[in-house]
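Numbering (our numbering), first residue to last: 134 to 232. All C-beta atoms in this analysis are idealised placements derived from N, C-alpha and C, irrespective of residue type, glycine included. All figures in this text were calculated on a predicted structure; none of them were measured in a lab.
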């Protein structure tokens, strides 16, 4: 979504920060690391951490979610078909392991 379509919402400000100039910016558009970002509510310095998305999980979501929403499948029906595609990340080393 282009930045001009993103609006600051005071009620849900957890996706927003402000830079050293006081400009509000959407956290997805921030550079990673300590680059002068501050919490809008408390003015404490914060880090913008950009995480890479798991492409297999994204593809699985994009394939499965529309079918679930259209009631073409249920979670009970879908689980046996997708259980081999489910992955999790270990906290220790960040490697992918099979469930």
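Put simply, the backbone Cα of residue 153 is about 10 Å away from that of residue 178.
Note on geometry: alpha-carbon atoms of residue 203 and residue 188 lie some 23 Å from one another. Straight-line spacing of the CA atoms in residue 206 and residue 157 works out to 41 Å. Exposure of residue 196 is indicated by the presence of fewer than 16 other C-beta atoms within 10 angstroms of its C-beta. Residue pairing for residue 151: DSSP places it in a beta bridge opposite 157, 171.
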